[in-house]
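Residue numbers (full-length UniProt numbering): 1 to 520.
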């Protein structure tokens with residue numbers, strides 16, 4: 001690693017000493033080190049390198065701590081070619097976007113429950129269609145409207161900003177900072193929480209390969225939204241085109257018998273690869289009861305039109321060495337199956353709560369207790385909505401009224417549903433919020449500690465929370481005809497404890513049998 005640091009310091013020193021009309025350090029000038037090996041063999045003439053055929057680059061000689069020599073060829077830095085705002089006399093950004101508005105083009109974004117319709121220069125609509133036979137029920141909200149008066153006002157503002165040489169608003173898209181045209185669509189459907197009309201800021205940015213699609217949609221505050229549209233129309237304007245960051249490649253060629261890459265660099269790369277692919281093993285014995293829980297896998301899955309958040313909790317053993325020098329750097333052995341189910345067991349016993357959700361709202365589910373939706377703002381203030389709390393009597397009444405929610409016979413059973421009721425009053429319906437919690441068996445899983453969560457709102461203030469886990473497969477047979485599970489703790493005993501109990505019972509039976517029949 002020392003040799004790599006020496007090389008990096010040399011490169012930094014050289015780059016800082018070459019001015020090329022650039023000012024000091026510039027993080028927009030990118031460098032990459034390439035190790036092509038000895039590619040100059042084809043240029044050898046009578047045992048010597050033909051200097052005329054080599055590109056004219058400055059050469060920096062580098063020697064590592066292991067006495068490996070390299071010649072690093074520094075590329076020539078060239079100034080970027082750009083068109084200044086003063087030189088541009090083409091159409092304004094709004095004029096470039098005019099075909100999008102005049103042709104009445106609409107873009108769509110589909111999510112698990114809500115769909116979004118962005119009709120450029122007209123309106124934005126959030127809607128959900130629910131089919132009941134041949135009838136279609138539509139639930140919709142308008143997130144903002146646009147008009148010719150607003151368009152004329154925005155054109156005047158853009159013209160005034162150009163005369164004052166004011167910059168456009170900068171928006172970050174995939175790490176790139178892009179100039180954007182902002183259109184504020186207001187006068188939407190009145191928000192129940194704030195009492196004000198919904199409002200959306202639509203940001204148009206340049207993307208050469210875009211088709212005016214919705215890049216992102218988010219709720220920035222209560223009933224206020226932000227949408228980013230990728231449009232190729234703005235790319236004709238130099239101020240909206242992204243800056244091309246090209247990497248300047250430094251080729252380092254070996255000299256003499258030096259390897260293609262320094263040995264210390266190869267060792268560091270192998271160490272890094274091992275770190276990312278290493279297998280974590282766990283010992284779960286009575287002699288070492290103290291475990292550390294770590295999230296080893298987080299995954300977002302789109303399944304059947306629903307968004308699932310899947311994560312795995314694995315116990316780690318602090319006393320076990322994860323890296324042993326006597327073993328090869330990369331092991332091809334499969335990862336051992338981890339059978340500890342204590343995180344999920346604690347969750348089903350109501351000891352641990354699960355949190356999930358993306359965007360403005362998050363949610364918390366505590367088994368046998370409650371389902372809560374919440375948002376924490378920048379000041380730390382928390383807005384909370386109770387989506388339902390568990391009451392056994394309310395659950396039994398719900399099962400009687402909805403017989404289709406009762407568990408199927410054990411041989412066909414894959415899930416059970418529980419009813420969480422008496423949540424906060426819904427402003428739209430005037431009734432308490434309620435949630436159906438669906439516990440589903442997750443088969444063919446690599447770990448019994450795996451849990452998958454998703455939250456849906458099929459009707460206004462009526463929710464469905466899905467909880468999927470392989471551990472639920474074991475408790476499903478214990479649910480009665482109402483779906484209630486009375487003996488969770490018994491079922492969730494570890495396999496080792498169950499096996500020990502069986503062995504004790506067999507041993508006890510043999511002892512009794514021996515006493516009865518004597519020493520035959």
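All C-beta atoms in this analysis are idealised placements derived from N, C-alpha and C, irrespective of residue type, glycine included. Computed from a predicted structure; not experimentally measured.
Beyond the five residues adjoining it in sequence on each side, residue 107 comes within less than 6 Å, by CB distance, of 118, 212, 213 and 214 in the same chain, given in chain order. If you look at residue 163, you'll find it in the alpha helix (DSSP H) that goes 148 to 163.
Residue environment analysis places residue 412 among the exposed positions, since fewer than 16 neighbouring C-beta atoms fall within 10 angstroms of its C-beta. In this structure, 406 is the residue among 406, 442, 63 and 121 with its C-alpha nearest to the C-alpha of residue 484. According to the DSSP secondary-structure assignment, residue 178 is paired through a beta bridge with 171.
Around the beta-carbon of residue 258, 16 or more other beta-carbon atoms lie within 10 Å, marking it buried. Where residue 366 is concerned, the enclosing beta strand (DSSP E) starts and stops at 362 to 366. Residue 144 places its beta carbon less than 8 Å from that of residue 185. Taking a contact to require three or more Cβ pairs closer than 8 Å, the segment 111 to 131 and the segment 61 to 76 do not qualify as touching. Its chain contains 128 as the residues whose beta carbon lies nearer than 6 Å to that of residue 139, once the 5 sequence neighbours on both sides are disregarded; these appear in chain order.
In this structure the segment 235 to 248 lies against the segment 190 to 207, because at least three pairs of beta carbons, one per stretch, are closer than 8 Å. A contact is defined here as three or more CB-CB pairs under 8 Å, and the segment 391 to 398 meets this definition with respect to the segment 414 to 423.
Counted as a single uninterrupted DSSP element, the beta strand (DSSP E) harbouring residue 421 occupies residues 415 to 421. In the three-state DSSP reduction, residue 238 falls in the coil class, being neither helix nor strand. Assignment of residue 186 by DSSP, reduced to helix, strand and coil, places it in the strand class.
Annotation: residue 255 to residue 30 spans about 26 Å, alpha carbon to alpha carbon. Sequence-distant Cβ neighbours of residue 387 in its own chain, meaning closer than 6 Å and more than five residues away, are 371, 373, 423, 433, 435 and 463. Taking 8 Å as the cut-off, the beta carbon of residue 178 is found closer than this to the beta carbon of residue 171.
Taking all protein chains shown into account, residue 136 has fewer than 16 neighbouring C-beta atoms within 10 Å of its C-beta and is therefore exposed. In this structure residue 169 is in contact with residue 182, their Cβ atoms being roughly 5 Å apart against a cut-off of 8 Å. For residue 102, the enclosing alpha helix (DSSP H) starts and ends at 98 to 102. Of the candidates 141, 94, 474 and 75, 75 places its Cα closest to the Cα of residue 252.
Residues of the same chain with a CB within less than 6 Å of the CB of residue 32, apart from the 5 flanking positions on each side, are 247 and 249 in chain order.
Taking a contact as a CB-CB distance under 8 Å, the pair residue 36 and residue 233 does not count as one, their CB atoms being some 41 Å apart.
The beta-carbon distance between residue 123 and residue 142, rounded to whole angstroms, is 6 Å. This is short enough to meet the 8 Å contact definition. Taking each of 426, 231, 93 and 375 in turn and checking the Cα distance to residue 210, the smallest one comes out for 231. Non-local beta-carbon contacts of residue 481 in its own chain, meaning distances under 7 Å to residues more than five positions away in sequence, involve 406 and 407 in chain order. Residue 476 is positioned such that its CB atom lies closer than 8 Å to that of residue 441. Cβ contact annotation for residue 460 (same chain, cutoff 8 Å, sequence separation greater than five): 139, 426, 428 and 429, in chain order. In the DSSP assignment, residue 400 falls within the alpha helix (DSSP H) that extends over 392 to 401.
Straight across, the Cα-Cα distance linking residue 113 with residue 400 is about 28 Å. Here residue 196 really is in contact with residue 223; their C-beta atoms are around 7 Å apart, less than 8 Å. Boundaries of the beta strand (DSSP E) around residue 74: 69 to 74.
Around the Cβ of residue 378, a 10 Å sphere holds fewer than 16 other Cβ atoms; the residue is exposed. Within the same chain, and ignoring the five residues on either side of residue 96 in sequence, the residues whose Cβ sits closer than 7 Å to its Cβ are 233, 234, 236 and 237.
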